[in-house]
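These notes are about the structure you will find just below.
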Ligand SMILES: [Ca+2]
Ligand SMILES: [Ca+2]
Ligand SMILES: [Ca+2]
Ligand SMILES: [Ca+2]
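Shown next as structure tokens:
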């Protein structure tokens, strides 16, 4: 190994790095979202896609008046409708647990829950229809139970036998329970009322004994109450998700929609007895859906787009990018892919995410162990994408072959960055440039000395 060939002077290194920076500018920006595939089976005139849940190789889309659609997503680039439940009431929300699907239905007077057996995805069958005593607005499914946010409180059902859900317990609220999320023994209930002091409240309930849920903490989410309008101008919480000590609330204004305000709230719930709002991210009006995956938060803005936020700092989410999606209603996400129920155009859209837009998808960054929020994880001036796809260098190590020469320098000067036996030799042109620089410096020094003489 000829390490002495690398012993170049420091100012030459500066020159060298400048050249390399010119040769390897930052890669052209890719988008955060790439549409892999989509399916549009039901015309929007017959039923808008409102919600989606994914399990294994199947996606289940709540298709409003057109019932429930089942898509085979084993090929993410080509989702295929394989089955449906039709002839039902309008289906508005959907959750899945293994082979069973739970769907909220909404009729002209009543609302309720369907349980559906999807063991045969081509022929999903309705197992049970439950009519809610007080209209249910939101649902969470966890650990063999369904949690229903109903107009007069929370209802907890045993769904271990999906063919005959049975009531385990209730928790009465003075205002309308609107959305619910569950993690472990805690249920997070969004309650909407018309109290001018606390019209929007998050209540945290201990549901370890489902027969007798107990409130352990709550917080008010202060918003502007408009006396003339007779409601909170801001908002309805359309989605609540809980992860790693934080609750995320997605807001749109008004029952239908999206005209004045849209935002994401982060609530620190690490101490359930004292939940505290720690973050507010303002965005376009009408955030109707939300999904969490990795450290990312995805927002569905009904009349605009699908947005990605970096939630590494949950209380200070930062904007990553968006894709046009007029009609984005709700989404779910896993492993760097987002599944979007798009009401107006496509029933189901599948996106691949590249959070740092370095060309390597989040899914690929997970495999490569690189940072999905940094284009050049090891700081050697070669992007994660080119290291993995073009040069076969280690994207986590600036000098892959440990020969003292940085990967980018080796690539720039044509040596093999993966082989220490082939080290960086300076080309003739580089020696000429260095000789010229030394000559100029010597002439300048000579003139300076003569001027002082
Ligand atoms: Ca990336
Ligand atoms: Ca990266
Ligand atoms: Ca790199
Ligand atoms: Ca090297």
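In the working numbering, the protein residues as written are 1277 to 1729.
Even glycine gets a Cβ: it sits at the ideal position worked out from N, Cα and C.
Looking at residue 1455: is its Cβ nearer than 8 angstroms to the Cβ of residue 1425? Counting from 1 along the chain shown, the entry for residue 1455 is found at position 179. Counting from 1 along the chain shown, the entry for residue 1425 is found at position 149. Contact: yes.
Taking residue 1325 and residue 1617 to be in contact with their CB atoms under 8 angstroms, please state how far apart those CB atoms are, rounded to whole angstroms. Here residue 1325 is taken as the residue at index 49 of the chain shown, counted from 1. Here residue 1617 is taken as the residue at index 341 of the chain shown, counted from 1. Contact holds; Cβ gap of about 4 angstroms.
Is it right to say residue 1719 is buried, meaning 16 or more other beta carbons lie within 10 angstroms of its own, or is it exposed? Walking along the chain shown from the start, residue 1719 turns up at place 443. Answer is exposed; the Cβ neighbour count stays below 16.
Return the CA-CA distance between residue 1644 and residue 1682, expressed in angstroms with no decimal places. Locating residue 1644 in the chain shown gives position 368, counting from the first residue. Locating residue 1682 in the chain shown gives position 406, counting from the first residue. Approximately 20 angstroms, taken between the alpha carbons.
Can you give the Cα-Cα distance for residue 1431 and residue 1588, rounded to whole angstroms? Within the chain shown, the letter at position 155 stands for residue 1431. Within the chain shown, the letter at position 312 stands for residue 1588. Their Cα atoms are separated by approximately 33 angstroms.
Residue range of the beta strand (DSSP E) that includes residue 1515: One-based indexing of the chain shown puts residue 1515 at position 239. Looking at the DSSP string, the run of the beta strand (DSSP E) that includes residue 1515 is 1512–1519.
Residue 1557, DSSP secondary structure in three states: By 1-based counting over the chain shown, the position of residue 1557 is 281. If DSSP states are grouped into helix, strand and coil, residue 1557 belongs with the strands.
At least three beta-carbon pairs within less than 8 angstroms, the region 1643–1660 to the region 1333–1348: no
Tell me residue 1594's beta-bridge partners as DSSP assigns them. Here residue 1594 refers to the residue found at position 318 of the chain shown. Paired residue(s): 1586.
Could you give the DSSP three-state label for residue 1303: helix, strand or coil? Taking the first residue of the chain shown as position 1, residue 1303 is located at position 27. Note that residue 1303 scores a pLDDT of 46, beneath 50, so its modelled location is shaky; the value from the coordinates is reported in the next line. Reduced to three states, the DSSP call for residue 1303 is coil.
Under a three-way DSSP split, which group does residue 1683 fall into? One-based indexing of the chain shown puts residue 1683 at position 407. Three-state DSSP puts residue 1683 in a helix.
Tell whether a beta-carbon distance below 8 angstroms holds between residue 1427 and residue 1406. For the purposes of this step, residue 1427 is identified with residue 151 of the chain shown, where counting begins at 1. For the purposes of this step, residue 1406 is identified with residue 130 of the chain shown, where counting begins at 1. No, the Cβ-Cβ distance between residue 1427 and residue 1406 is not below 8 angstroms.
Ligand 2: which residues have Cβ under 6 angstroms from any of its heavy atoms, chain order? 1632, 1634, 1636, 1641, 1646, 1647, 1648, 1650, 1651, 1653 and 1660
Is the Cβ-Cβ distance between residue 1483 and residue 1463 less than 8 angstroms? In the chain shown, the residue the question calls residue 1483 occupies position 207. In the chain shown, the residue the question calls residue 1463 occupies position 187. The answer is yes: Cβ separation under 8 angstroms.
Nearest to residue 1372 (by Cα), restricted to the options 1344, 1354 and 1603: Residue mapping note: residue 1372 aligns to position 96 of the chain shown, counting from 1. Selected option, being the one with the closest Cα: 1344.
What do you reckon, are the CB atoms on residue 1318 and residue 1339 nearer than 8 angstroms? Working through the chain shown from its first residue, we reach residue 1318 at position 42. Working through the chain shown from its first residue, we reach residue 1339 at position 63. Yes.
Beta bridge counterpart(s) of residue 1392 as assigned by DSSP: Along the chain shown, one-based indexing puts residue 1392 at 116. In DSSP, residue 1392 forms a bridge with 1377 and 1402.
Look at the alpha carbon of residue 1722 and the alpha carbon of residue 1675, and state the distance between them as a whole number of angstroms. To locate residue 1722, count along the chain shown from 1; it is residue 446. To locate residue 1675, count along the chain shown from 1; it is residue 399. In a straight line, the C-alpha of residue 1722 is about 40 angstroms away from that of residue 1675.
Among all the DSSP beta bridges, which residues are the ones paired with residue 1620? As a first step, residue 1620 must be located in the chain shown, where it is residue number 344. In the DSSP output, where bridge partners are listed per residue, residue 1620 has none listed.
Which same chain residues, not among the five before or five after residue 1533, have their C-beta less than 6 angstroms away from its C-beta? Walking along the chain shown from the start, residue 1533 turns up at place 257. Any answer about residue 1533 is weak, because its pLDDT of 48 lies below 50 and its placement is not dependable; what the coordinates show is given next. Same-chain partners within the cutoff: 1562.
Assigned exposure category for residue 1717 - 16 Cβ within 10 Å defines buried: For the purposes of this step, residue 1717 is identified with residue 441 of the chain shown, where counting begins at 1. Per the 10 Å Cβ criterion, exposed.
Return yes when the C-beta of residue 1663 is under 7 angstroms from any heavy atom of ligand 3, and no when it is not. Here residue 1663 refers to the residue found at position 387 when the chain shown is read from its first residue. Yes, since a heavy atom of ligand 3 falls inside the 7 angstroms radius drawn around the Cβ of residue 1663.
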